[in-house]
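Heads up, the sequence shown is in UniProt numbering, so the first residue is 1 and it goes up one at a time.
Here is the structure we will look at, set down as structure tokens.
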Amino acid sequence: MPERLSVHLNRDNPRDLQPEAASLETDRSFVLVFENHGGPIHVHLRLDDALAAVSEPAATQVYVDEGQTRGVEVAIPSDHPPTKGYVELSTGYGAEQARVNVTVTAERKDGGPDVAVDDSLAEKSGPDDDGESVALADVALPTAAAAAVVVVAAALTVSISDSIAMLVGVLALLGGVGVAGYMLRA
């Protein structure tokens, strides 16, 4: 996950730039998070030659609306050489400026891979099998079939004589018991 550095805009004065830290040491890509505390503002980013040789910002002109927070990633490839440089931030056509010194190290600070992977990731995971859980797909088709049988039986019962209606009702009851048995077995 990229490291983050917040930069507060318009906090004390219009066009004000206040990075939370004057320097950043990283071994990977990082994100400058612009938090605007005032009116809309444009921020310009410029990397010095040393830092520009090993990284690339997602944007160099950033518009941050009133009360908005916006992040800009500065991408650094995994095979980068170590370097020191800076990101210069400016607002108000250069009237306000701030600089963040950046040290890009070759080795990981935490000594691990780019993505920390726990051994439990290799284990198959699924829903908790307590023996009683049933998926919706397992219930939907038999339920729809049982409902169709009941509707057909009701329609036949209304339209035919009493003795045949009794037979259709019994068949519908047996069909419902069959579906219930199937559901209990599954």
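Every residue gets a Cβ at the ideal spot worked out from N, C-alpha and C, and that includes glycine.
Bridge-paired residues (DSSP) for residue i
i	result
Q61	H44
T69	E35
Y93	Per DSSP, none; premise fails for Y93.
Cβ-Cβ distance between residue i and residue j below 8 angstroms
i	j	result
V62	N36	no
I41	R15	yes
Q18	V7	yes
V43	L5	no
G175	V149	yes
With 16 other Cβ atoms within 10 Å as the buried cut-off, status of residue i
i	result
E20	exposed
E96	buried
V72	buried
D49	exposed
T91	buried
D155	Strictly speaking, residue 155 in this sequence is Ala, with Asp absent from that position. The residue in question, A155, is exposed, as its Cβ has fewer than 16 Cβ neighbours within 10 Å.
I160	exposed
A172	buried
Inter-residue CB distance, residue i and residue j (contact presumed, cutoff 8 angstroms)
i	j	result
T83	L51	7 angstroms
Close-in-space but distant-in-sequence residues of the same chain around residue i (CB under 7 angstroms, 5 per side omitted)
i	result
P2	R28, S29, F30, V31 and E73
Own chain residues within Cβ distance below 6 angstroms of residue i, not counting five before or after
i	result
N101	S23 and Y86
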